[in-house]
Every structure is written in structure tokens, then in C-alpha cells.
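K.L.:
My questions all concern the structure below.
2 protein chains.
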Amino acid sequence: MERPPLWLMRQAGRYLPGYQNIRAKHSFWELCHSPALCTQAAMEPMERFALDAAIVFSDILVIPQALGMQVSFEGHQGPKMTKPLKEVAQLHAWNVPKLLEALSFVPEAVRHLRGVLGEEYGLLGFAGAPWTLLAYMFEGHADKNFAVARAMLHTQPEFAHKAMDILADILIGYLEAQCEAGADAVQLFDSWGGLLNAEDYARFALPPIQKVAKALTGKNRRLLLFVRDGQHLLPLLAQCGCQGISLDWRIPFQQAAAQLPNHCLQGNLDPALLLASPEVVREETRKLLAAMRARNHYSHCIFNLGHGIFPQTNPECVSALCEEVALAA
Amino acid sequence: MERPPLWLMRQAGRYLPGYQNIRAKHSFWELCHSPALCTQAAMEPMERFALDAAIVFSDILVIPQALGMQVSFEGHQGPKMTKPLKEVAQLHAWNVPKLLEALSFVPEAVRHLRGVLGEEYGLLGFAGAPWTLLAYMFEGHADKNFAVARAMLHTQPEFAHKAMDILADILIGYLEAQCEAGADAVQLFDSWGGLLNAEDYARFALPPIQKVAKALTGKNRRLLLFVRDGQHLLPLLAQCGCQGISLDWRIPFQQAAAQLPNHCLQGNLDPALLLASPEVVREETRKLLAAMRARNHYSHCIFNLGHGIFPQTNPECVSALCEEVALAA
Chain A
41 MERPPLWLMR QAGRYLPGYQ NIRAKHSFWE LCHSPALCTQ AAMEPMERFA LDAAIVFSDI
101 LVIPQALGMQ VSFEGHQGPK MTKPLKEVAQ LHAWNVPKLL EALSFVPEAV RHLRGVLGEE
161 YGLLGFAGAP WTLLAYMFEG HADKNFAVAR AMLHTQPEFA HKAMDILADI LIGYLEAQCE
221 AGADAVQLFD SWGGLLNAED YARFALPPIQ KVAKALTGKN RRLLLFVRDG QHLLPLLAQC
281 GCQGISLDWR IPFQQAAAQL PNHCLQGNLD PALLLASPEV VREETRKLLA AMRARNHYSH
341 CIFNLGHGIF PQTNPECVSA LCEEVALAA
Chain B
41 MERPPLWLMR QAGRYLPGYQ NIRAKHSFWE LCHSPALCTQ AAMEPMERFA LDAAIVFSDI
101 LVIPQALGMQ VSFEGHQGPK MTKPLKEVAQ LHAWNVPKLL EALSFVPEAV RHLRGVLGEE
161 YGLLGFAGAP WTLLAYMFEG HADKNFAVAR AMLHTQPEFA HKAMDILADI LIGYLEAQCE
221 AGADAVQLFD SWGGLLNAED YARFALPPIQ KVAKALTGKN RRLLLFVRDG QHLLPLLAQC
281 GCQGISLDWR IPFQQAAAQL PNHCLQGNLD PALLLASPEV VREETRKLLA AMRARNHYSH
341 CIFNLGHGIF PQTNPECVSA LCEEVALAA
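Top line first, the protein sequences correspond to chains A and B. The first sequence begins at 41 in my numbering and counts up one residue at a time. The second sequence begins at 41 in my numbering and counts up one residue at a time.
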């Protein structure tokens, strides 16, 4: 392949009619807990577009759920959860082996997907990064600011460190299980990492990621990290220990290539363009491909979006993107 | 004064009981349209805390409202508006002088506030920046991604440019009227500027800001610009034409001071700290003051937050902040 490999964050998401059909019959959590339905959802974009890798259908909130929180999605307000994390004593109930057992349906979904996908395609697993998981558990619901969670880092720093350290242990076992089940690589989503300034990110969010990265790279697993809104965190990301960095759409690819010469870079088309027109998508895809080609002819590059696909995305724009990447070969 | 002047974005907001009392009797728009109620809301933090400036109570969405959209706030989902901007023909109905007449209740609120505040305190006016206003008008509601609006920049760039150029003309008249009514300075809030990458920001969002800045500085008015989430836009902000830059909490003050040596810098305490404890606030306030002192002893510095005060803020933390800044004198 003389072009960068291609997959798209949330490629199996709400913009696809097949996904909508599954959801018409099944709740979101029924879908996530059924390996067969997860495979059906994950395969739809593979059949429809010229993608190089599938991603297991799941959600980062399976971990809080397995820890005993009920996670519900009401309307378009994002997830809400019961029993927010308020006291360090709650951590005593966190039993890592038991939890990994409770989460085994996700590696099972990876195994099922690998069976249907075959060996010729890539397969990705994923999980939420420790700070993002903790942000939901502290706040108790999705919030564009997560002000309560951010304040708790400062009022109860030891509690936060302790919780994220255990979350790192959970993630090591959980991601390793996904790799054993057939994932070629796993991605950590630090969806709310960008809310922290560099000082807080370095102090709180980075160390547990480094712990996860050290454990997985020690087993020759491949790990990618995506920090949404992490434009100010690029120098820190160089130290995360993951082989690959998935770039937010606001980080110029060339800048990242200069600052992170030794990392695999997954970049970073603005997903809002997929609501525009196929012509716009083709033009912007060509621009990004040119930037990747300048990096030693696509060396250590993966073509992706700079954030997950939006529900309003026009599938024809996704086709246009895939066709343009194929033309780069 | 041998310390930086102090005010806080959203200092008159929902965290204050007096504001809640007003809102128990009046809708949000009743409040915004009544100069007397606006003054009452704006004065509460002045009476409670040792602040150096008041800010007129208003909302950036008064402009879309005056343009004929109905703007409603339902639950905690943020504003929704009727009649989103879809066709360039809609711009023909935008009559700048008529609109400024419709918006005159805001300069009136500035004048009323100045009468009560007296001359010894500073007084700020404000407005939404052109891209942020357009984002709401294109999207039709608040959205953490504004994907529809961002896509429209690419499908209908001329429409977007034209709309923002007219918005710039509106802002010039509107902000000048606030200055004539007694505002010492005015701030543009580009709340959604950070959603654009630098290329799109330079192409779309910056030119109308420069137009506004040129017109107002030509009249010796003082203009500040706040771009939320604009960590990646700092080099562009240097070219905005405003004398002052209000820094997002994720931009290190020292870095901004190095990159913007000729601008007044308004920085930038993380507002999430005001949900923590007075002790934490004092410590972090002292750190930021030290960074400001290093800039030629507070020269061209204003002490503020790096984003508006959150509704869950503890007023005691605001007191602690104000006391620490006073101690710097």
C-alpha cells in the first residue's frame, strides 16, 4: 500500500441507516452488550466504504457502567449517570479482576468482529482515557465544562490520582484483552483532556496514560491516543508513551509532524467538512494527503478525521473521502 | 493602583443570589431589556466584591434577536432560535441603522449603569464576535460542535463572508453606542472561535474582527477580544487589531506575554478553581499575579478569569480571589 491506511472515528455511527435500523429495535446498551449486533454495526461502513480497518462497536462509558453506575442517554443532552464518585471510600469496591470479567463482553465483540471481518482488514479496539472516565464519574453527567470534576482535581488531588491509577490498571487489562481477542491496535480517547491546562494535564491526566502505555508497549501492543481539543498539549503528548497520536482537527498536521517526529500520526480532517459537499471533501482530503506525503512518503501516517463523524454527515462525503485516499496509492 | 485592575467574566451571573431573585420574577429577556434590572444585576457583584469594573448585563444573542430570530432558553440545553439563516437573500432584510435603533436598549442599560456606578469604577460593554453570532444563526441553536455552521463556511463561503461583514458594521455601531453611553472599553466574545482551525479562523473569523477593531480604535475606543478555546489561534490574535486579548485559561500567561508583547493581556485564572476552595483560589491567584508582575510590574495586565464564572461557583471563592488581588497592591 503506497498510501496511508484509512479508518474514521465513529465510522459506524448514527449517520448510517443500518445503525439507525439496529437502534430502532434495540437500546444503545443492548447493542453494546451483544457481540453479534456490535459486529453488524461495525461491518456496515466496511461494506459501504473502502476503509482499511474496522473498529469494535462500543462506548467509553462501559467502564463506569461496569463499576456500578447506571448510564442513561436522554434526548440530546449526553449521558447521565447514577452514583457519581464523591468519596475515596467508594474506590474500595473497585475490584479489577472482577471488573475485567464484567467487561469481557467487549473483547468478545472484538473476537466476533474479527471472525466476520477476516484477517485482511485492520481491527481497532478502544477505551476512554483515565481522566475522561474520571470526569464523567466525578461530574455525574456529560458537561461541556466538567467544572465540578476539574475543581475536584484541586480539592481532592490524592483521591483523583488514586482513582486514575486504578483506572489505569483496569485499562491495561481491558485493552490487553481486546488485543488478545484480535485487535491490531487500541486507541485511548481522552475526549475531555483538552479542558485541562498543560499543568493540570501533566500532573493528573498524563501519568496514568503513561502507565497504560508502558504496560501495553511492553507486550508489543500498539496504542494510539486521541485528546480532543488538545491543541495546547502537543508537547506533553510527545511524552505519553503511546506509539501513535491521533490529532484533533485544529492541530496543523505539518506542525505535529515537526514536533512529534517519532510518533505515528493519525490525522485529522475536520469532520465538519463531511457535512459540506463531496467536492469540498475531495479538495481538503488532497491537501491533507499532500501534508502526509511530505512526511517521508506517508511514513507513520494514518488517514482519519480530527474528531468523530457527526450524526448529520452525508455518507456521500464519506465515499468521496475514501475514494480520494485510494487515489493516493 | 500598583496591581492589575480586576473584573471577572460573568461576574453578575447565576452564582449570585441577587441574580436568582431577579430571575425568579422576570424572564431572562425581560431582564436584558430593562436598563433598571440590568443595573441591579450588574451592581450586585460590585457591592459584594472588591472589583474594579462593572460589566453591563446583557447577552450576545441580542443581535440575532434584533435581526428577527426568537431566542429561547429551554432547560440546560442552551439557546434555541427560530428562523436560522439559510439563504443569502435573508441578508437583504438586515438594515443596520434600524437594527441599531432596535438595540438601543443596551447602550441605554450602559448609561443607566454608569449613573448608578459613578465615575470611580470602570465599565465594560460587550458583544458577540461575528463568527460566534453567525454560528448561532447558521446552526439555529447552541451546539458544542456547530458542525452545520462550520460546514456552511465551506459550502457557502461568500454568504458567510457577506453575513459577517454586515455583522461587523452592526458591531461597529453597537459597540460605539455603548462607548458613547459610558463604557470605558468593550469586549468581543468569540465564544465559538476555537472550533475553527487557524486556516478557517484567518479566512473567515478574523477579517470582520479587524474591521470592527479598525473602526473603534480609530475613534480611540478600547477593545478586548476573548476567543474561548483559542489555544491554537494565539499567533492570529496578534493581528486582530484589538488592544487587549482576553486569554482562555489554557493559554499559559507567560507564553502569551512572550508572543503578544504589545497587547494588553487579560488573564486567565481557570474558573473551575472557583468551585474548589478559597485556599486553592488564593494559591492559584498568587501564581498568576506573579506571572503578571514579571511583565514589567503588571504593565498592560488585567486580572480576570480564563472563561466566564460557572453557575456552581462558591461566592466565597470569588471573595478570596478579590482579596488576593488587592493584597498585590
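Idealized CB from N, CA, C, for every residue including glycine.
(1) Would you check if the distance between the CB atom of residue 82(A) and the CB atom of residue 143(A) is smaller than 8 Å?
(2) Quick one: does residue 310(B) have its CB under 8 Å from some CB of chain A?
(3) Write down every uninterrupted run of the beta strand (DSSP E) in the segment 116 to 179 of chain A whose length is 3 residues or greater and which is fully enclosed by it, in chain order.
(4) Using a Cβ-Cβ cut-off of 8 Å (strictly less than) and excluding sequence neighbours within five positions of residue 108(A), which residues of its own chain qualify?
(5) Going along chain A, which residues have a C-beta under 8 Å from residue 271(B)?
(6) Write down every uninterrupted run of the beta strand (DSSP E) in the segment 232 to 279 of chain A whose length is 3 residues or greater and which is fully enclosed by it, in chain order.
(7) My parser needs the beta strand (DSSP E) runs of 3 or more residues fully inside the segment 290 to 346 of chain A; what are they?
(8) Give the straight-line distance between the Cα atoms of residue 73(B) and residue 145(B), rounded to the nearest whole angstrom.
(9) Hey, out of 276(A), 320(A) and 318(A), whose CA is closest to residue 300(A)'s CA?
(10) When the Cα of residue 59(A) is compared with those of 210(A), 351(A), 215(A) and 359(A), which residue comes out closest?
(11) Short check: CB of residue 364(B) to CB of residue 335(B), under 8 Å?
(12) What does the alpha-carbon distance come out to for the pair residue 90(B) and residue 215(A)?
(13) Just tell me which of 207(B), 296(B), 57(B) and 349(B) has its CA closest to the CA of residue 287(B).
(14) Is it the case that the Cβ atoms of residue 172(B) and residue 233(B) are separated by a distance below 8 Å?
(15) Could you work out which residues of chain A lie near residue 292(B), taking near to mean beta carbons separated by less than 9 Å?
(16) Do the segment 308 to 317 of chain B and the segment 179 to 192 of chain A meet, that is, are 3 or more Cβ pairs less than 8 Å apart?
(17) Residue 57(A): buried (16+ other C-beta within 10 angstroms of its C-beta) or exposed?
(18) Between residue 228(A) and residue 167(A), how many whole angstroms is the CB-CB distance? I'm expecting something under 8 Å.
(19) What's the C-alpha gap between residue 69(B) and residue 187(A)?
(20) Using 8 Å as the limit for Cβ to Cβ distance, is residue 54(A) near chain B?
(21) Indicate whether residue 164(A) and residue 102(A) have their beta-carbon atoms separated by less than 8 Å.
(22) Residue 187(A) touches chain B at which residues, Cβ-Cβ below 8 Å?
(23) Taking the Cβ atom as the reference point for each residue, do residue 150(B) and residue 96(B) lie within a distance shorter than 8 Å?
(24) Going by alpha carbons, who is nearest to residue 54(B) out of 290(B), 357(B) and 348(B)?
(25) Could you check the C-alpha separation between residue 237(A) and residue 244(A) for me, to the nearest Å?
(26) When burial is assigned at 16 or more other CB atoms within 10 Å of the CB, is residue 251(A) buried or exposed?
P.N.:
Straight from the coordinates:
(1) no
(2) yes
(3) 119 to 121 and 162 to 168
(4) 123 and 133
(5) 271 and 272
(6) 263 to 267
(7) 304 to 309 and 341 to 345
(8) 6 Å
(9) 276(A)
(10) 351(A)
(11) no
(12) 52 Å
(13) 296(B)
(14) yes
(15) 237, 238, 239 and 272
(16) yes
(17) exposed
(18) 6 Å
(19) 26 Å
(20) no
(21) no
(22) 311, 312, 315, 350 and 352
(23) yes
(24) 348(B)
(25) 11 Å
(26) buried
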